[in-house]
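Here the structure comes first, spelled out in structure tokens, and everything after it is commentary.
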Amino acid sequence: MKRGFTNEGTSDVPSAAGSRNLPQKRSKKHQSCKVCKKSKTRCEVLDSEASDRNARKCHRCNALNIPCSFEEVVHDGSQRTPSGPTVSPLASASGPSLVVDALAARTSSIVSPRAAPAVSDHNIERLPLPIPPNSTWNSHKPSGVVDWLDTPVYCIRTIARGSSSAAINDSMDQVDSALRKILTPRQLDSLLESFEGNFSPWLNMPQRDPRNGSAFLRLTQCLVASRLLDPSTRASVGPRLRELAEKTAGRVIFNPAPSTDSIQAMILLAIWAPVGAGSTVARDEGVMIAVAVGMAVNLRLDEAIGHLLRMESAPADECSSVVDLEDLRSKARLWLCLMNVESMLCMGTGRLPLSDRSGSHSNSLDWSSGATIELGRDARLALSGKVYATAEAGLRLRFPKQADLEVFYQQVVDTLSEFDILANFIIPLSAVTEHENFQVFVMQIEWRMCRLLFLNHCRAETQKVYARGGLLSPIGWQRKAVCNGVSLPETWWRQTLLLAQDILALAISQFEKSTELSTIPDSIFTMICATAAHLVRTKMGAYLYRGIKIPGSSDMLLQKISELLATAACGPDHIPAQCAQFIATLIGTYEAHIQVPPPQHLQLAEQDANSDETAPQHIMSPGHDRGQQGPGILRNDELGAGAGAGVDEAVESDLMLDSDFWASFMNNLAVDGQM
């Protein structure tokens with residue numbers, strides 16, 4: 001960009017003499033506009049723009065076509081008339097050429113003013129530069145205005161890929177056309193309404209008209225809702241919907257065009273696997289949700305919550321409009337939903353969520369009331385986030401050495417206290433909420449299962465220190481992990497046993513009365529199955545190690561939960577059907593083992609462990625002083641010892657983990673069609 005000079009008869013090239021005739025500087029109170037001051041860039045009003053209608057804008061704001069604070073200031077005096085050459089076409093062009101102006105302005109503030117070669121605009125190809133993700137979270141610029149200079153690498157990558165909004169629209173038009181070839185208009189409307197009524201409450205997002213979504217989002221909604229169709233119709237449309245969804249998802253993964261609708265579509269594919277679609281390809285929900293997280297970060301949804309909290313706490317004169325605040329709330333809800341879904345999918349898998357969760361995230365929503373559907377969903381969205389945040393923090397606890405036992409125990413107590421505090425909000429909610437009570441109840445199940453996973457983690461961390469390293473034999477290690485006279489592994493295992501039975505009992509009592517059982521997210525069924533497997537493992541370990549059966553109705557619980565999951569399945573490939581057969585297989589394995597007397601070598605090892613003088617005196621040895629109870633029944637004070645002391649020893653014994661046993665177990669699963 002060439003600047004004009006006031007010396008008559010001089011050339012446009014600056015010289016030593018010309019430097020004394022530069023335009024007079026502005027007064028300091030108008031040295032820079034607010035936008036340039038915030039971005040720490042040079043702010044100037046060029047003489048070549050003095051006669052333009054945008055003379056009250058600085059050059060940078062004029063080039064980027066954004067609001068300038070100079071427009072709010074009434075300048076005194078007349079503006080100078082440029083004596084230099086007219087502005088080149090690049091400076092006056094609109095649209096993509098504004099990017100060239102912005103680069104020129106940025107460059108002119110860095111390099112020294114020397115003669116620049118004349119550039120003809122005929123030699124420049126005007127590229128359709130992409131619009132980058134919204135990068136205005138930390139400013140007060142209008143929500144639709146973006147400064148592409150903040151994300152230059154994003155722009156270059158998008159140009160290199162050759163993608164454009166027109167190509168994206170064409171692709172979505174093709175998806176919409178293919179969807180309408182698979183479904184009749186009546187079927188399409190019916191499936192969208194079915195999704196909104198039966199599946200959207202699980203997302204805890206505000207209600208919306210499903211017909212207003214993108215073609216990809218409507219496709220995934222129809223695919224999820226198709227499980228509720230009658231078997232013949234589902235067999236006709238299901239495979240074609242699945243194939244179209246997989247192809248569209250592949251295009252989104254390899255050539256992402258970030259949008260909130262695409263993020264929601266990937267969330268749906270991660271939560272609900274297709275049913276009755278004839279798919280034989282293994283699915284990885286972690287990959288799908290990771291793609292959604294990546295697109296959300298590109299849209300800066302991870303900054304939406306912090307920006308919303310700042311805007312709500314700002315003075316009234318600095319707040320954005322109501323429309324902008326509501327848009328921020330929608331983005332904050334979507335980010336919270338995405339984090340909760342990712343945490344749910346990662347819980348108990350050993351994976352770490354990619355999304356970064358902080359304690360203040362849930363405070364961005366009002367979760368003190370469930371008087372309306374939207375308030376109830378906000379409450380579940382926030383409380384579920386707090387449950388998963390507490391569980392993730394607990395699963396990150398580590399127990400490095402025996403000397404840190406008291407410190408580790410205190411950390412465990414603190415985490416359990418956090419769970420108890422959340423129970424104060426979650427447990428009564430199902431009785432007082434006026435809408436979507438079944439979703440509230442399932443959230444209570446999630447709270448219990450997260451607590452169960454945390455207690456199992458604590459016991460596993462303790463076992464790593466006390467049962468390894470050669471200091472103790474594997475038998476009786478739990479008697480050494482004692483804090484304040486209490487055997488921690490036995491205490492935690494007793495709590496997990498009671499908690500597992502509580503989860504199954506509550507699930508049975510509520511699932512039998514619900515008509516929404518088939519709509520539950522797949523991960524909830526998986527967690528219930530894991531709870532049942534934990535109970536079977538406990539029962540098997542107690543029998544193999546102690547020769548006793550756990551008292552109570554655990555056998556009936558396992559049988560009923562297996563039958564209930566089977567009735568919830570919409571087809572043989574639906575996850576509850578697979579979980580039901582898995583639980584039935586575990587029950588068969590347990591019943592086969594209790595027909596055989598406990599291994600003699602375990603009984604002898606147990607007697608050696610009981611003779612250890614360092615063992616706490618209050619821990620009862622099996623078979624000693626049972627009073628009036630039968631020889632195969634646990635007393636209450638032996639519940640922890642019987643259920644926890646030898647479970648891992650029994651499970652890790654040669655009997656449990658020899659190759660023949662596991663080969664037989666896996667073959668049984670394969671015969672049942674589960675592998």
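With full-length UniProt numbering applied, the sequence shown corresponds to residues 1 to 675, in that order. Yeah, the Cβ is synthetic: ideal placement off N, Cα and C, and Gly gets one too.
- Message: Give me the residue from Val482, Met556, Leu191 with the minimum Cα distance to Gln463.
- Response: When only C-alpha atoms are compared, the closest one is Val482.
By Cβ distance, which residues of its chain are closer than 7 Å to Ala273, with the 5 residues on each side in sequence left out? Correct list, in chain order: Arg283, Asp522, Ile575.
**Asked** For Pro152, which residues of its own chain have a beta-carbon under 6 Å away from its beta-carbon, when the five flanking residues on both sides are left out?
**Response** Nothing meets the Cβ criterion.
Query - Ala245: first and last residue of the uninterrupted alpha helix (DSSP H) it sits in - result: Note, Ala245: alpha helix (DSSP H), 231-254.
- Query: Quick check: the segment 256-275 against the segment 288-296, are there 3 or more CB pairs under 8 Å?
  - Reply: These segments touch.
Nearest CA to the CA of Arg218: which residue from Ala500, Pro489, Leu192?
Closest in alpha carbon position to Arg218, among Ala500, Pro489, Leu192, is Leu192.
Check your understanding: Alpha carbon to alpha carbon, how far is Thr349 from Lys480?
Key -> Going by the C-alpha atoms only, they are around 29 Å apart.
Rounding to the nearest angstrom, what Cα-Cα distance links Ile528 and Glu196 in this structure? Rounded to the nearest angstrom, the gap between the Cα atoms of Ile528 and Glu196 is 25 Å.
- prompt: From Lys247, Leu241, Ala235, Val293, pick the residue whose C-alpha is nearest to that of Pro258; which is it?
  reply: A check of alpha carbon separations from Pro258 across Lys247, Leu241, Ala235, Val293 identifies Val293 as the nearest.
Worksheet entry | Asn456 versus Lys40, Gly394, Asn437, Met443, residue with shortest Cα-Cα distance | In terms of CA proximity to Asn456, Gly394 leads the group Lys40, Gly394, Asn437, Met443.
- Take the Cβ of Ala371 as the centre, count every other Cβ of all protein chains shown within 10 Å, and call the residue buried at 16 or more, exposed below. Counting C-beta atoms within 10 angstroms of its own C-beta, Ala371 has fewer than 16 neighbours from the protein chains shown and is therefore classed as exposed.
Within 10 angstroms of the Cβ of Pro400, are there 16 or more other Cβ atoms? Answer buried if so, exposed if not. Burial call: exposed.
> Going along the chain, which residues of its own chain have a beta-carbon closer than 8 Å to the beta-carbon of Glu326, five neighbours each way excluded?
Replying inline: Same-chain partners within the cutoff: there are none.
Cα-Cα separation between Cys61 and Asp324, rounded to whole angstroms: Rounded to the nearest angstrom, the two C-alpha atoms are 22 Å apart.
Helix, strand or coil: which one does DSSP assign to Val486? Three-state DSSP puts Val486 in a strand.
(request) Give the C-beta separation of Val252 and Phe216 to the nearest angstrom, bearing in mind that I take them to be a contact with Cβ-Cβ under 8 Å. (result) Contact between Val252 and Phe216 is confirmed by a C-beta separation of about 7 Å, below the 8 Å threshold.
Residue range of the alpha helix (DSSP H) that Gln439 falls in?
Here the alpha helix (DSSP H) through Gln439 covers 437-466.
Any idea which residues DSSP pairs Lys513 with across the strands?
Lys513 is not bridged to any residue.
field: 6 Å Cβ shell around Ala580 - same chain, five flanking residues per side excluded
entry: Within the same chain, Ala580 has close Cβ partners Ser562, Leu565, Ala566.
Would you call the segment 486-499 in contact with the segment 433-441, where contact means no fewer than 3 C-beta pairs closer than 8 Å? Verdict: no, contact absent.
Complete runs of the alpha helix (DSSP H) confined to the segment 330-396 [at least 4 residues]: Note on the segment 330-396: whole alpha helix (DSSP H) runs with a minimum of 4 residues are 373-395, in chain order.
key: For Lys57, the three-state DSSP class (helix, strand or coil)   = The answer is coil: DSSP assigns Lys57 none of H, G, I, E or B.
_Comparing C-alpha positions only, which one of Pro597, Lys34, Gly376, Ile426 sits nearest to Pro67?_
Comparing C-alpha distances from Pro67 to each of Pro597, Lys34, Gly376, Ile426 shows the shortest one belongs to Lys34.
Got a sec? Which residues, its chain only, sit under 6 Å from Ser518 by beta carbon, not counting five neighbours each side?
-> Here the set comprises Ala568, Cys570.
### Through-space distance from Val224 to Ala249, alpha-carbon basis
When rounded, the separation of the alpha-carbon atoms in Ala249 and Val224 is 14 Å.
Residue nearest to Arg494 in terms of C-alpha spacing, selected from Leu352, Ala507, Gln510, Thr538:
Relative to the Cα of Arg494, the nearest Cα in the group Leu352, Ala507, Gln510, Thr538 belongs to Thr538.
Less than 8 Å between the beta carbons of Asn340 and Leu381, yes or no? Closer than 8 Å, so yes.
Between Gly385 and Leu336, is the Cβ-Cβ spacing less than 8 Å? Between Gly385 and Leu336, the C-beta spacing is below 8 Å.
- request: Count the other CB atoms, across all protein chains shown, that sit within 10 Å of the CB of Met449; report buried if there are 16 or more and exposed otherwise.
  value: Sixteen is the threshold: when 16 or more other Cβ atoms of the shown chains lie within 10 Å of the Cβ of Met449, as they do, the residue is buried.
- Item | Enclosing alpha helix (DSSP H) for Ala569 [first to last residue] | It is not in any alpha helix (DSSP H) - Ala569 carries neither H nor E in the DSSP assignment.
For Lys331, count neighbouring Cβ atoms within 10 angstroms of its own Cβ and tell me buried if that reaches 16, exposed if not. Lys331 should be labelled buried.
What's the C-alpha gap between Cys346 and Ala530? The straight-line gap from Cα to Cα measures roughly 14 Å.
Q) Where Arg351 and Leu558 are concerned, what is the direct C-alpha to C-alpha distance, given to the nearest angstrom? A) Each residue's alpha carbon lies about 28 Å from the other.
**Three-state secondary structure assigned by DSSP to Cys43** = Assigned with DSSP and collapsed to three states, Cys43 falls in coil, not helix or strand.
| Can you tell me whether Ser232 is buried or exposed, with buried defined as 16 or more other CB within 10 angstroms of its CB? | Exposed, because fewer than 16 other Cβ atoms sit within 10 Å of the Cβ of Ser232.
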